[in-house]
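Asks:
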Amino acid sequence: MEKKTAKRELSRRDFLRLAGAGASGTLLSVAGLPALAQDSPTAGEASIVMMYHSNEISDGEIEQFNNDNEGITLTRIDTDITRFFAMLAAGTAPHLLRTQAPDIPQYFARDVMLNLQPYFEASGALDFDDLAAPNDYYKVVSPTEIGQGDIYGMAKDWAPDGFMWLHTGLLEAAGIALPDPATPLSEEEVAAMALEVTQKEGDRTLVTGFNTHTGFIDRFWMQMALMDGGSLFSDDFSQANVVGNEAVVDAISWFHDMMANGSMNSPLNPSVSWFGPDYANGQLAMVYTGYWFSGQLRGMATNPEEPIIGESMEAGHYQMHPMFTWKGVRKNLCVTAAGAIVTNPSFREAGADDNDAAWAAFEWFMAGAPAHGRAASGWGLPALKSLNHLIPDDTAFDQQTLAVVNAEFEHSTDVLGFNPNLAGGEPMVPGATYLNNVEAALTGELSFDDMLQLIEDETNFAIEEGMFNI
Amino acid sequence: MASLSAIKPRWRLTRRSRRALNFYAFISPWLIGFILLTLVPVAVGVWLSFTNYDGLNVNNIKWVGTAWYQRFPRDRQAVESLKLVFIWTALNTPTWLVLSFVLAFIMSKVTRFRGFFRTMWYLPSVIPVVAVAWTWRTLLNDNYGLINQAVNTIRSGTVIHFLTEEALISLTMISVWMGLGNGIVIFLAGLQDISPELEDAAAIDGAGRLSSLRYIIIPMMTPIIFFQLVQSIVFAMQMFALPLLLSPSGGAGLSTAPQKDVFLYMIYAFQQIFQRQRFGYGVALIWILFAIIIVITIVLFWSRRYWVWTEKK
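Residue numbers (my numbering), protein chains in the order written: chain A, 12 to 481; chain B, 62 to 374.
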């Protein structure tokens, strides 16, 4: 993609920068504070800022990096997309930014990322052959062609995001024969089991059959449409096709029908908190989510304040199964690929020439001690295949989940085509429109067809807007 | 050699100008803060509402004129959420005002343990809204909530859908519960300011307690009621965090929407900005609400002459 050249005239961005600089300067002088020079790196030193969650990189790890890399000072700031936008506008973007797969086409279209291809090629720690499949989300040819081309970032870890977590205790109590974890259920079997295991007492729901992270609902639709040979978007991503698009409508209906018959949590039958504790406490029989959930359950099971969860773990009630087949097709894609990019220096202070230092921090985060720690934590699968041996396999639970994961790898090789014209949040516009209207659709105030039309209209409006904005 | 008077500048500050200059010099820390932290952001906010800014397009910000303002009446969800704001305000404000006043009146007559009761009523006001929301979510949950468990013991299988079908009532109940302390304290201060001699005089003239309340206390409290009314309406129309936190996901990560009965306007504006990166439209929605609040406030101030007691009368 052709690089955008900086405008020579006073752009609105320059205006914002000047306003920001003026405001900061005045404030500092008024407050009588010394200039921030003491925080600035001295000549030959690079100060690298990483915008990342605090639970994904520790202060100790950062301190170690700073001790091991003379001349580079790495600091972490909390992930905050609003702050990132403000920093971008002010030309003070962080060097390393936490991203997810849906962000990449959008960021590429707006030239936010630094091309890391030359760095990867020269790297001794990161090897293309060692990259797990979901790193393809960070390979870009154009905003509409993801999965190949130069590499702009990397997943920090990953997992197929659609495992079926079955609460064997609840299924047994409902008299349902436990399925074999080596064989995926079909979508009909999942829906039937969800309904069968749901327990009601009058208007109360004692056990809910199924739930998932609704923030990813549109990503799941996209995956199911792909498995059905269809797509939510047109090939050039200029259009969302929902109404009359069987592959998409069937995916939406599958979740919607479970909400309608009460076997899935919905706005009419909300969870007390979220699916994690509901499942762990035996109030929810099936969860459709990723391998990361194993880390969540391990953590909950060792909490002395939650002895029931520890006992359930001991009893083997938490069992991970492959993703259900959809219309006979087996896939289980990673739809998040949370990772990092290095920002384009034109968005950093005066086009800061510290890419090498930023790369050093990136390489260390992706292949060094933090990557080893993440692999061994069980919260995700390593983004480097060479670290797979670190995946936990000590307990019966670890071994059960690992066996299922290993069998699922070959079904996790595709990438989803996210739309470069849409914001890549949780959910994106199609999912958000659904969630805003699902209650009305469930109570009959809005027909299902009208809701589909709304999803299509809203998404297309947002796409049109996104194309105008790029 | 020229005399000193000859090289003195011709212009001299008048005493009045000097005083003005001193005044502004003294308030300059506040003034600069006000300009930088209030006026500039407000101006940027106005400007944003006329642009296509989406957080990432810093190199391609375009002026879109009044497009976002024109979109509002055609945006079904925005209009619906604004209607809901009026319904919610009409429910919350009178409930809060009446309850606060009644409880303050009762407490003004109680001499023993007044401090204790005042503290107890005020306590919910100091609890962070997140803690309040999660506590009530847990208490009111359909299936496992304490209140529905109690209802279930009385009649098995019965559920009161506090957080779904009755979400608006529940929101009002929780919000009033949280705000009562503030309301009571201000009403109580006003009530204690009314001279007991007035009530004594009325009693001597044969007025009962109700007559005294109706003809003396309430009229004398109207300036306080007016203040509380304006505050309450402004607060209610901007309600945001509580319904979001009571939503099925507890407001986490915007991964769901609130129940449709409490899908208030500010939540919709918030979604537009932070979920859809539609800064221009989101900010335009907020300016529209601002204009509505200003109009309501002007009407209230205008109506003051008809019902608010002042000493000049």
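Backbone N, C-alpha and C define an ideal beta-carbon position, used for all residues, glycine too.
With which residues is residue 251 of chain A paired in a DSSP beta bridge?
Replies: A:244
Asks: Should residue 310 of chain A and residue 407 of chain A be called a contact, given that it needs their Cβ atoms to be closer than 8 Å?
Replies: no
Asks: Scan the stretch 323-335 of chain B for residues whose Cβ lies nearer than 8 Å to a Cβ of chain A and list them as they occur along the chain.
Replies: 324, 332 and 335
Asks: Between residue 365 of chain B and the rest of its own chain, which residues show a CB-CB distance below 8 Å, the 5 nearest in sequence each way excluded?
Replies: For residue 365 of chain B, where only same-chain residues beyond five positions count, the Cβ hits under 8 Å are 287.
Asks: Could you check how far apart the C-beta atoms of residue 246 of chain A and residue 258 of chain A are, in whole angstroms? I think they sit under 8 Å.
Replies: Under the criterion of beta carbons closer than 8 Å, residue 246 of chain A and residue 258 of chain A do not qualify as touching, at roughly 14 Å.
Asks: When we look at the beta-carbon of residue 318 of chain A and count the other beta-carbons within 10 Å, is it buried (16 or more) or exposed?
Replies: exposed
Asks: Taking residue 278 of chain A as the query, report the chain C residues whose CB atoms sit under 9 Å from its CB, ordered along the chain.
Replies: The structure shown contains no chain C; the protein chains it does contain are A and B.
Asks: Whose Cβ in chain B lies nearer than 7 Å to the Cβ of residue 214 of chain A?
Replies: 218, 219 and 220
Asks: From the beta carbon of residue 138 of chain B, is the nearest beta carbon of chain A less than 8 Å away?
Replies: yes
Asks: Which same chain residues end up closer than 7 Å to residue 256 of chain A when comparing Cβ atoms and leaving out the 5 residues on each side of it in sequence?
Replies: When the five nearest sequence neighbours on each side are left out, the beta carbons in the same chain lying within less than 7 Å of the beta carbon of residue 256 of chain A are those of 241, in order along the chain.
Asks: Let me know the secondary structure DSSP gives residue 216 of chain B once reduced to three states.
Replies: coil
Asks: Determine whether the Cβ of residue 350 of chain B lies closer than 8 Å to any Cβ atom of chain A.
Replies: no
Asks: Pull up the distance between the alpha-carbon of residue 363 of chain A and that of residue 99 of chain A, whole angstroms please.
Replies: 13 Å
Asks: Considering only DSSP beta bridges, list what residue 166 of chain A is partnered with.
Replies: A:350
Asks: Based on Cα-Cα distance, which residue from A:376, A:413 and A:464 lies nearest to residue 59 of chain A?
Replies: A:376
Asks: For residue 121 of chain A, return the contacting residues in chain B, with the cut-off set at a CB-CB distance below 7 Å.
Replies: 117 and 118
Asks: Check each candidate in A:133, A:128, A:171 and A:173 and name the one with the smallest Cα separation from residue 152 of chain A.
Replies: A:128
Asks: Thinking C-alpha only, which one of A:381, A:76 and A:449 is nearest residue 228 of chain A?
Replies: A:449
Asks: Alpha carbon to alpha carbon, how far is residue 223 of chain A from residue 298 of chain A?
Replies: 6 Å
Asks: Verify whether the separation of the beta carbon atoms of residue 426 of chain A and residue 157 of chain A is less than 8 Å.
Replies: Contact: yes.
Asks: Taking Cβ to Cβ, would you say residue 349 of chain A is nearer than 8 Å to residue 166 of chain A?
Replies: yes
Asks: Beta-carbon within less than 7 Å of residue 423 of chain A's beta-carbon, same chain only, minus the 5 sequence neighbours each way: which residues are those?
Replies: 144, 171, 343, 344 and 345
Asks: Report yes if the C-beta distance between residue 251 of chain A and residue 480 of chain A is below 8 Å; otherwise report no.
Replies: no
Asks: Which residues in chain A sit within 7 Å of residue 365 of chain B, going by Cβ to Cβ distance?
Replies: Residues of chain A passing the Cβ test: none, with the nearest at roughly 39 Å.
Asks: Can you give me the start and stop residues for the beta strand (DSSP E) that residue 330 of chain A sits inside?
Replies: Where residue 330 of chain A is concerned, the enclosing beta strand (DSSP E) stretches over 329-332.
Asks: Using the beta-carbon of each residue, which ones in chain A are nearer than 7 Å to residue 204 of chain B?
Replies: 215, 216 and 217
Asks: Mind checking whether residue 371 of chain A and residue 61 of chain A have CB atoms under 8 Å apart?
Replies: no
Asks: Closer than 8 Å, CB to CB, is residue 153 of chain B near chain A or not?
Replies: Chain A has no Cβ within less than 8 Å of the Cβ of residue 153 of chain B.
Asks: Classify residue 339 of chain A as buried or exposed, calling it buried when 16 or more other Cβ atoms lie within 10 Å of its own Cβ.
Replies: So residue 339 of chain A ends up on the exposed side.
Asks: Under the three-state reduction of DSSP, which class applies to residue 340 of chain A: helix, strand or coil?
Replies: It is a strand residue.
Asks: Would residue 73 of chain B count as contacting chain A if we go by Cβ distances under 8 Å?
Replies: No, residue 73 of chain B does not count as interfacial toward chain A.
Asks: In whole angstroms, give me the CA-to-CA distance for residue 446 of chain A and residue 320 of chain B.
Replies: 10 Å
Asks: Assuming contact is defined by CB atoms lying nearer than 8 Å, are residue 434 of chain A and residue 117 of chain A in contact in what I supplied?
Replies: yes
Asks: Under 8 Å Cβ-Cβ, which residues of chain A neighbour residue 292 of chain B?
Replies: Within chain A, no residue comes near residue 292 of chain B; the closest Cβ sits about 28 Å away, beyond 8 Å.
Asks: Since residue 199 of chain B meets chain A, which of its residues come closer than 7 Å, beta carbon to beta carbon?
Replies: 283, listed in chain order.
Asks: Count the other C-beta atoms from every protein chain shown that fall within 10 angstroms of the C-beta of residue 181 of chain B, then say buried if there are 16 or more, exposed otherwise.
Replies: exposed
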